[in-house]
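**Student:** Residue numbers (this note's numbering), protein chains in the order written: chain A, 1 to 662; chain B, 663 to 799.
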Amino acid sequence: MEDEKRIGVYICHCGLNIAGTVDVEELAQYAAALPNVVVSRDYRYLCSDPGQDLLKNDIKELGLNRVVVASCSPRMHEHTFRKACQAAGLNPYLYEHANIREHCSWVHADKEQATQKAKDLLRAAVQRVHYHEPLEVREVPVNPNTLVVGAGIAGIEAALKIANGGHKVYLVEKEASIGGHMIQLDTTFPTLDCSECIMTPKMSEVGHHPNIELLAYSEVEEVSGSVGNFKVKVRKKARYVDEDKCIGCGICEQKCPWKVPSEFEVGLGKRGAVYIPFAQAIPNIATIDKDHCVYIQSEGKKCGACIKFCDAGAIDFEQRDQIVELEAGAIILATGYDVFDPSQIPQYGYRKYDNVITALEFERMTCASGPTSGTIRLKDGKTPRSAAIIHCVGSRDKNYCEYCSRICCMYALKHAHHLKEKTNADVYGLYIDMRCTGDGYEEFYKRVSEEGVIFIKGKVANVTDRAITEEEKGKLVVIAEDTLLGKMMRIPVDMVILCPAMIPRSDATDVARKFSITQKATGFFLERHAKLEPQATAVDGIFIAGCCQFPKDIPDSVSHGRAAAAAALELIDKGSVTTEAAISCVDETLCHGCGICEEICEFQAPRVVLKDGKRVSTVNEALCKGCGVCAVACPSGAMSIKHFTRDEIATMIEALTAVENG
Amino acid sequence: MNNSEPKIVAFCCNWCSYAGADLAGTSRMQYPANLRIIRVMCSGRVNPVFVLKALRVGADGVLVLGCHPGDCHYLTGNYRTRRRLSITMKFMEYMGIEPERIQVSWCSASEGSRFAEVVTEVTADLKRISPNRLFND
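#1: How many Å lie between Ile542(A) and Glu263(A) at the Cα?
#2: Do Val206(A) and Ile178(A) have their CB atoms nearer than 8 Å?
#3: Could you pull the start and end residues of the beta strand (DSSP E) that Gln765(B) belongs to?
#4: Does DSSP classify Asp3(A) as helix, strand or coil?
#5: Go ahead and label Lys675(A) buried or exposed: buried means 16 or more other beta carbons lie within 10 angstroms of its beta carbon, across all protein chains shown.
#6: Please state whether DSSP places Val463(A) in a helix, a strand or coil.
#7: Please report the distance separating the alpha-carbon of Cys303(A) from that of Pro277(A).
#8: Here's the rule I'm using: 16 or more other beta-carbon atoms within 10 Å means buried, otherwise exposed. How should Arg790(B) be labelled?
#9: Any C-beta of chain B within less than 8 Å: which residues of the stretch 629 to 660 of chain A qualify?
#10: Decide if His208(A) is buried, meaning its Cβ has at least 16 other Cβ atoms within 10 Å, or exposed.
#11: Listing by chain order, which chain A residues have their CB less than 8 Å from the CB of Glu773(B)?
#12: Once DSSP output is grouped into helix, strand and coil, what is the label at Tyr131(A)?
#13: Look at the alpha carbon of Ala33(A) and the alpha carbon of Glu648(A), and state the distance between them as a whole number of angstroms.
#14: Counting beta carbon pairs with one atom in the stretch 561 to 576 of chain A and one in the stretch 519 to 536 of chain A, are three or more of them shorter than 8 Å?
#15: Under 8 Å between C-beta atoms, does Phe753(B) make it to chain A?
#16: Could you list which residues in chain B have their beta carbon closer than 9 Å to that of Glu102(A), in chain order?
#17: With a cut-off of 8 Å, do at least 3 Cβ pairs link the stretch 188 to 208 of chain A to the stretch 236 to 246 of chain A?
#18: When you compare only the Cα positions, how much space is there between Val608(A) and Thr522(A)?
#19: When you compare the CB of Ile764(B) with every CB in chain A, is at least one pair closer than 8 Å?
#20: Who are the Cβ neighbours of Glu219(A) in its own chain at under 8 Å, not counting the five residues just before and after it?
#21: Provide the residue(s) that pair with Val671(B) in DSSP beta bridges, ordered along the chain.
#22: Suppose contacts are defined by Cβ-Cβ distances below 8 Å. Is Cys678(B) in contact with Ile699(B) by that definition?
#23: Exposed or buried, which one is Asp354(A) when buried takes at least 16 other CB atoms within 10 Å?
#24: Within 10 angstroms of its Cβ, does Asn424(A) collect 16 or more other Cβ (buried), or is it exposed?
#25: Exposed or buried, which one is Val137(A) when buried takes at least 16 other CB atoms within 10 Å?
#26: Would you say Ile641(A) and Ala655(A) are within 8 Å of each other, going by their C-beta atoms?
#27: Can you name the residues of chain B whose CB is closer than 7 Å to the CB of Gly626(A)?
#28: Measuring CB to CB, does Glu588(A) end up less than 8 Å from Val616(A)?
#29: Near Ala256(A), what residues of its chain come up, given a Cβ to Cβ distance below 7 Å and the 5 sequence neighbours on each side ignored?
#30: Report yes or no: do three or more beta-carbon pairs, one from the stretch 149 to 165 of chain A and one from the stretch 330 to 345 of chain A, lie closer than 8 Å?
#31: Is the stretch 494 to 506 of chain A touching the stretch 432 to 450 of chain A in the sense that three or more CB pairs, one from each, lie closer than 8 Å?
#32: Who pairs with His97(A) in a beta bridge, going by DSSP?
#33: Roughly how many angstroms lie between the CA atoms of Gly613(A) and Cys591(A), to the nearest whole one?
#34: Listing by chain order, which chain A residues have their CB less than 8 Å from the CB of Leu737(B)?
#35: For the alpha helix (DSSP H) containing Met652(A), name the first residue and the last one.
#36: Output the distance between the C-alpha atoms of Arg75(A) and Ala681(B), rounded to the nearest integer angstrom.
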């Protein structure tokens with residue numbers, strides 16, 4: 001039999017964040033009069049060391065066996081105060097938290113109402129804490145392998161850091177080669193480093209690293225388990241090429257008579273139905289695109305050129321998708337971004353006029369290894385004598401994406417520089433605001449301005465080929481208001497480059513659901529804390545890196561990838577994680593063994609077994625995640641969920657609806 | 663319209679709607695002070711009996727907020743809630759109790775403004791109907 005409940009109540013002022021709206025002293029007096037409350041204090045900052053010492057000392061000196069803190073959200077500091085209780089020898093589950101900041105003082109201006117609400121919330125917490133039971137957490141070992149999904153620059157950085165630290169990494173990439181968007185770029189702003197030159201050594205390192213198992217042309221199918229012990233099924237898509245035999249000579253692609261637009265060249269060049277995406281591809285293995293391969297489409301009746309010409313005998317049309325099962329302690333998602341399709345904004349004429357192109361298409365055009373060998377040219381082969389670069393195509397636009405894509409101003413400046421350098425064309429940059437906020441970025445803007453690029457502050461209304469003057473004939477006319485001059489402009493140019501928004505991957509929702517993480521309103525993945533945990537998600541052990549969180553430039557993606565790697569390494573080096581203690585449990589005297597809990601559980605935690613000749617449910621503690629769905633479904637009331645028992649919830653309901661008597 | 667201030671009990675799941683309520687706070691969005699939140703790990707923990715109990719002991723309305731359908735942290739908990747509570751609501755209607763008294767909605771962790779809007783709407787709905795005396799017998 002447990003001793004009498006001795007409850008300590010602590011109310012945080014949080015400076016004026018709480019105390020500015022809630023009468024904290026009145027609240028402390030109110031709590032002092034609640035049953036079994038031994039001590040009730042208010043303090044400026046409870047999360048500070050002296051604040052935590054208050055409750056630690058009281059636990060020891062006053063013999064408290066329950067603690068309630070009313071402060072910010074439990075998502076912020078529940079952990080802090082549980083740890084303080086534990087340090088003073090109290091089981092951390094004998095602690096309860098009332099949220100009187102995010103749910104009260106910050107959302108209500110009326111002092112009287114806010115104080116009343118705080119009293120209600122605190123009373124509910126005090127009543128609930130009576131029912132808390134001490135719970136024990138278990139330590140389980142962490143699998144030292146990490147799964148990294150997506151092998152663009154962020155994923156590659158994360159994988160290399162972990163692998164260099166001596167731990168195994170499974171790197172899954174859905175495309176035929178790793179490299180992501182960065183390997184498609186010509187140069188990188190503001191230093192104008194060659195993107196390939198800095199990216200290929202990284203890619204090559206990944207390809208040869210003894211600690212990295214690369215699963216290219218593969219996609220994650222299914223994820224189960226939890227932090228420290230995830231189980232993952234990966235679909236390795238059939239390349240129809242034997243990876244061990246293919247030497248990447250490229251003869252098959254040369255001989256393949258079927259050509260389709262190359263994804264890597266953003267449609268500017270062609271590739272074969274069997275292809276290696278680009279010269280430096282890792283792995284350097286050919287892939288057969290089954291939708292365009294005539295041999296596959298004709299079920300082996302036609303073509304077969306690649307089989308004939310492959311000296312290595314690597315072509316294998318019998319190959320099928322394989323499911324690879326992996327185990328990992330941590331997962332890093334670095335799935336990147338898609339580029340907004342500017343044809344959604346018809347007035348900009350993309351896909352209507354030949355010489356309206358996207359920035360990524362221009363990138364391939366200026367790249368020495370691209371389809372034009374770095375020559376900037378119009379569709380008819382001529383060199384442009386004038387060009388307009390339109391910023392914010394889909395970004396900062398209520399109709400499409402409200403956010404700023406962050407990198408477009410800078411690459412627009414880079415493109416302007418290359419246009420000047422290679423063609424000496426007249427270049428117009430049409431921007432809403434010029435955002436050059438990184439190291440050396442503003443200086444680069446100045447440099448490009450001095451090179452003679454003409455900047456016009458105004459959002460483009462229209463791109464048309466309808467000439468109204470002799471000068472405009474045969475040109476594309478960009479119509480925009482120069483907001484600094486307050487005057488409409490018609491700018492005739494040969495080429496228009498659009499800077500489209502960076503948007504979440506088209507399959508971001510599927511990926512988020514597969515990994516049980518959350519998306520923001522924009523569709524990008526939601527971080528655990530926007531400021532302090534930008535690499536973590538709400539799910540322990542699953543981290544995010546790069547542009548899947550929000551548009552980033554290369555240095556930010558690299559830093560983010562490394563931050564995610566550090567988080568994974570922290571987990572691996574610690575070696576163990578504590579499992580959730582607030583999980584389901586069965587009262588065997590009430591259980592009839594009907595098996596409804598077994599049917600309803602998504603995680604196969606409850607199992608009906610025969611015990612002393614009676615069918616009863618038992619819960620596998622390692623599998624239970626503590627959602628409580630089974631407790632509601634159980635018809636006999638045998639299933640319960642620790643820390644969220646029906647008594648605990650019922651007493652809160654009573655406390656929150658009680659007629660206030662004081 | 664009655665002049666009393668309705669008492670509303672809300673159940674919020676830890677992962678989406680409770681975090682959404684936190685974000686509304688962090689962003690200092692103002693909404694009526696009638697709502698009191700009980701945190702559960704998943705909206706699937708919300709037994710319809712809890713909802714009925716709240717109405718029986720004096721709440722004027724109950725709001726259950728979960729992750730958006732398809733986004734449940736526990737995969738399908740919110741689907742269970744949706745089914746259980748739609749049956750409960752039909753049953754309530756059959757008993758002559760205003761359907762506004764039980765409301766189920768979805769709110770993600772990034773939807774602070776949505777949380778504030780839902781609370782404002784639910785409070786206004788409950789102000790339109792008379793205080794809950796149905797369980798006074």
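Every residue, glycine too, gets a C-beta built ideally from N, C-alpha and C.
**Tutor:** Answer, in terms of the structure:
#1: Your numbering for residue 542(A) matches position 542 in the first sequence. Your numbering for residue 263(A) matches position 263 in the first sequence. Rounded to the nearest angstrom, the two C-alpha atoms are 30 Å apart.
#2: Here residue 206(A) refers to the residue found at position 206 of the first sequence. Here residue 178(A) refers to the residue found at position 178 of the first sequence. Against a cut-off of 8 Å, the Cβ pair of Ile178(A) and Val206(A) comes out as a contact.
#3: Within the second sequence, the letter at position 103 stands for residue 765(B). Note, Gln765(B): beta strand (DSSP E), 764 to 768.
#4: Working through the first sequence from its first residue, we reach residue 3(A) at position 3. Coil.
#5: With chain A covering 1 to 662 only, the question about residue 675(A) has no answer from this structure.
#6: On the first sequence, position 463 is the one that residue 463(A) refers to. Val463(A): strand per DSSP, three-state reduction.
#7: For the purposes of this step, residue 303(A) is identified with residue 303 of the first sequence, where counting begins at 1. For the purposes of this step, residue 277(A) is identified with residue 277 of the first sequence, where counting begins at 1. In a straight line, the C-alpha of Cys303(A) is about 21 Å away from that of Pro277(A).
#8: Working through the second sequence from its first residue, we reach residue 790(B) at position 128. Exposed is the call here.
#9: Val629, Ala631, Val632, Ala633, Ile641, Phe644, Arg646, Ile649, Ala650, Met652, Ile653, Glu654, Leu656, Thr657, Ala658, Val659
#10: Position 208 of the first sequence, counted from the first residue, corresponds to residue 208(A). Per the 10 Å Cβ criterion, exposed.
#11: Position 111 of the second sequence, counting from 1, holds the residue named residue 773(B). Neighbours of Glu773(B) on chain A, chain order: Ala521.
#12: Indexing the first sequence from 1 puts residue 131(A) at position 131. Of the three classes helix, strand and coil, the one that applies to Tyr131(A) here is coil, per DSSP.
#13: Residue numbering aside, residue 33(A) sits at position 33 when the first sequence is read from its first letter. Residue numbering aside, residue 648(A) sits at position 648 when the first sequence is read from its first letter. Cα to Cα, the separation comes out at about 21 Å.
#14: yes
#15: The sequence position of residue 753(B) within the second sequence is 91, counting from 1. It does not; no Cβ of chain A falls within 8 Å.
#16: Counting from one through the first sequence, the residue named residue 102(A) turns up at place 102. Result: Ala683, Asp684, Leu685, Ala686, Gly687, Thr688.
#17: no
#18: As a first step, residue 608(A) must be located in the first sequence, where it is residue number 608. As a first step, residue 522(A) must be located in the first sequence, where it is residue number 522. Approximately 44 Å, taken between the alpha carbons.
#19: Translated into the one-based positions of the second sequence, residue 764(B) becomes position 102. Chain A, which has no Cβ nearer than 8 Å to the Cβ of Ile764(B), makes this no.
#20: Translated into positions along the first sequence, residue 219(A) becomes position 219. Closer than 8 Å at the Cβ level, and outside the excluded window around Glu219(A), lie Val172, Lys174, Val234, Arg235, Lys237.
#21: Mapped onto the second sequence, residue 671(B) falls at position 9. Partner(s): Arg698(B), Val724(B).
#22: Indexing the second sequence from 1 puts residue 678(B) at position 16. Indexing the second sequence from 1 puts residue 699(B) at position 37. Contact flag unset, no.
#23: Along the first sequence, read from residue 1 onward, the residue named residue 354(A) stands at position 354. So Asp354(A) ends up on the exposed side.
#24: In the first sequence, the residue the question calls residue 424(A) occupies position 424. With fewer than 16 Cβ atoms within 10 Å of its Cβ, Asn424(A) is classed as exposed.
#25: Counting from one through the first sequence, the residue named residue 137(A) turns up at place 137. The Cβ neighbour count for Val137(A), taken over all protein chains shown within 10 Å, is under 16; the residue is labelled exposed.
#26: One-based indexing of the first sequence puts residue 641(A) at position 641. One-based indexing of the first sequence puts residue 655(A) at position 655. Contact flag unset, no.
#27: Reading the first sequence from its first residue, position 626 is the one you call residue 626(A). Simply Met703.
#28: Translated into positions along the first sequence, residue 588(A) becomes position 588. Translated into positions along the first sequence, residue 616(A) becomes position 616. In contact: Glu588(A) and Val616(A) (Cβ atoms closer than 8 Å).
#29: On the first sequence, residue 256(A) is found 256 positions in, with the first residue counted as 1. According to the sequence displayed, residue 256(A) carries Cys and not Ala. Answer for Cys256(A): Gly272, Ala273, Val274, Ala305, Cys306, listed in chain order.
#30: With a cut-off of 8 Å on Cβ pairs, the stretch 149 to 165 of chain A is in contact with the stretch 330 to 345 of chain A, counting three or more such pairs.
#31: no
#32: Here residue 97(A) refers to the residue found at position 97 when the first sequence is read from its first residue. Beta-bridge partners of His97(A) (DSSP): Val69(A).
#33: Translated into the one-based positions of the first sequence, residue 613(A) becomes position 613. Translated into the one-based positions of the first sequence, residue 591(A) becomes position 591. Each residue's alpha carbon lies about 13 Å from the other.
#34: The count along the second sequence starts at 1 and reaches residue 737(B) at position 75. Correct list: Ser516, Glu602.
#35: Your numbering for residue 652(A) matches position 652 in the first sequence. It spans 646 to 657 - the alpha helix (DSSP H) in which Met652(A) sits, taken as one unbroken run.
#36: Counting from 1 along the first sequence, the entry for residue 75(A) is found at position 75. Counting from 1 along the second sequence, the entry for residue 681(B) is found at position 19. Distance between the alpha carbons of Arg75(A) and Ala681(B) is about 8 Å.
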